[in-house]
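Peer 1: Count the sequence shown with my numbering and you get residues 1 to 288, in order. Even glycine gets a Cβ: it sits at the ideal position worked out from N, Cα and C. Here it is: the structure, laid out below.
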Amino acid sequence: MKPQLLKVSTGPAHSFSVRRDTVPYANNRWHYHREIELIHFEKGRGTQFIGDSIRNFSSGDVVLIGSNLPHYWSFDHSYLDPANQEAADVRVAHFNEDFWGLDFLNLPENTHIKLLVQQAKQGISVQGIARMRVSKLLEELITTEGTKRIVLLIEALTAIAQAKPTQLLSSVGFNPHFQHGEKDRINNIYDFALQHFKQRIALDEVAEVAGMSSNAFCRYFKSRTGKTFSQFLIEIRVGHACKLLIENNLNVKQICYESGFHNFAGFHKYFKQITGKSPLNYQRAYLK
Numbered sequence: 001m002k003p004q005l006l007k008v009s010t011g012p013a014h015s016f017s018v019r020r021d022t023v024p025y026a027n028n029r030w031h032y033h034r035e036i037e038l039i040h041f042e043k044g045r046g047t048q049f050i051g052d053s054i055r056n057f058s059s060g061d062v063v064l065i066g067s068n069l070p071h072y073w074s075f076d077h078s079y080l081d082p083a084n085q086e087a088a089d090v091r092v093a094h095f096n097e098d099f100w101g102l103d104f105l106n107l108p109e110n111t112h113i114k115l116l117v118q119q120a121k122q123g124i125s126v127q128g129i130a131r132m133r134v135s136k137l138l139e140e141l142i143t144t145e146g147t148k149r150i151v152l153l154i155e156a157l158t159a160i161a162q163a164k165p166t167q168l169l170s171s172v173g174f175n176p177h178f179q180h181g182e183k184d185r186i187n188n189i190y191d192f193a194l195q196h197f198k199q200r201i202a203l204d205e206v207a208e209v210a211g212m213s214s215n216a217f218c219r220y221f222k223s224r225t226g227k228t229f230s231q232f233l234i235e236i237r238v239g240h241a242c243k244l245l246i247e248n249n250l251n252v253k254q255i256c257y258e259s260g261f262h263n264f265a266g267f268h269k270y271f272k273q274i275t276g277k278s279p280l281n282y283q284r285a286y287l288k
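Rendered as structure tokens:
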């Protein structure tokens, strides 16, 4: 699986990068970079891929992504439709873990930040009060200059480090393979799955998208992601069902078929396997 290596520009006046994106396609490539990334979605929703984790993202979410961890945000189609009025609004900071000096993280006062940097190699979903705090600090960072930029970033990382519990995203065993000549293949597979997950997808169809035979594709996908394409597809479908349950506009049976499942018993089984709850209990917990 070959994510695209991106270069993050800081500029001569800054030691790390902070920016605001108002277009939904700024982060919609399977990519990685040396810099740690802290991102807040002020407005936006869709599907996020971080390492081997697949889940929905929505307005308000804050995520910390470690160095060289592949990731990808696919905004819902409503954000990509020129006729639609929905607009994205994302704030994102990129920084090298040694930009403040080689010995900074080894100071005893910074043990919590050093541990956080290690945990971020799996990706961290920031929750609760810390999420609100970090979103405000990122907003302030956008317009701040001088030493205070570094202070604000340290405050944001401290807020995440002190938050309990920590929600890690990618599995410990995830090991990305960076091979030459494959940088577009995983994008093609992801895009195809996101466009067609509501339909029955034959193995030879997705294998053709990847430019491989069916048997070669199965071996390739499993060796690179640690899961079969069927498992990957089920996770996308369950994630879509979660979003529809939260929106609360359809009944559970309608949501089953709208999410690409063709059997209600199978939908219930896989939903509970992945979320730990039945569809109705998931909806009730969210609404509560």
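What is the DSSP secondary structure of residue 147, counted as helix, strand or coil?
Peer 2: For the purposes of this step, residue 147 is taken as the residue at position 147 of the sequence shown. In this structure, residue 147 counts as helix in the three-state DSSP scheme.
Peer 1: Here's a check: name, in chain order, each residue in its chain whose Cβ is nearer than 6 Å to the Cβ of residue 222, leaving out the five neighbours to either side.
Peer 2: Position 222 of the sequence shown, counted from the start, is the residue given in the question as residue 222. The residues are 228.
Peer 1: Could you pull the start and end residues of the beta strand (DSSP E) that residue 89 belongs to?
Peer 2: Taking the sequence shown and counting its residues from 1, the one referred to as residue 89 is at position 89. Run containing residue 89: 89–95, per the beta strand (DSSP E) assignment.
Peer 1: State the DSSP-derived secondary structure class of residue 180, mapped to helix, strand or coil.
Peer 2: Residue numbering aside, residue 180 sits at position 180 when the sequence shown is read from its first letter. Unreliable positioning characterises residue 180 in this predicted model, as indicated by a pLDDT of 49, which lies under 50. The coordinate reading is nonetheless provided below. Three-state DSSP puts residue 180 in coil, outside helix and strand.
Peer 1: For residue 133, does the three-state DSSP call read helix, strand or coil?
Peer 2: Counting from one through the sequence shown, the residue named residue 133 turns up at place 133. Helix.
Peer 1: According to DSSP, is residue 32 part of a helix, a strand, or is it coil?
Peer 2: To locate residue 32, count along the sequence shown from 1; it is residue 32. In the structure shown, residue 32 sits in a strand (DSSP, three-state: E or B).
Peer 1: Identify the continuous alpha helix (DSSP H) that holds residue 47 and give its terminal residues.
Peer 2: By 1-based counting over the sequence shown, the position of residue 47 is 47. It is not in any alpha helix (DSSP H) - residue 47 instead sits in the beta strand (DSSP E) that spans 46–50.
Peer 1: Starting from the C-beta of residue 99, find all residues in its chain whose C-beta is less than 8 Å away, skip the five residues before and the five after it, and write them out in chain order.
Peer 2: Position 99 of the sequence shown, counting from 1, holds the residue named residue 99. Cβ within range, chain order: 15 and 16.
Peer 1: Count the other CB atoms within 10 Å of the CB of residue 267; is the residue buried (16 or more) or exposed (fewer)?
Peer 2: The residue given as residue 267 occupies position 267 in the sequence shown. Under this definition residue 267 is a buried residue.
Peer 1: Between which two residues does the alpha helix (DSSP H) harbouring residue 238 extend?
Peer 2: Taking the sequence shown and counting its residues from 1, the one referred to as residue 238 is at position 238. It spans 229–247 - the alpha helix (DSSP H) in which residue 238 sits, taken as one unbroken run.
Peer 1: Do residue 49 and residue 190 have their C-beta atoms within less than 8 Å of each other?
Peer 2: Indexing the sequence shown from 1 puts residue 49 at position 49. Indexing the sequence shown from 1 puts residue 190 at position 190. Yes, Cβ-Cβ distance for residue 49 and residue 190 is below 8 Å.
Peer 1: Rounded to the nearest angstrom, how far is the Cβ of residue 198 from that of residue 260, given a contact under 8 Å?
Peer 2: The residue you call residue 198 lines up with position 198 of the sequence shown. The residue you call residue 260 lines up with position 260 of the sequence shown. With a Cβ gap of about 4 Å, residue 198 and residue 260 count as contacting.
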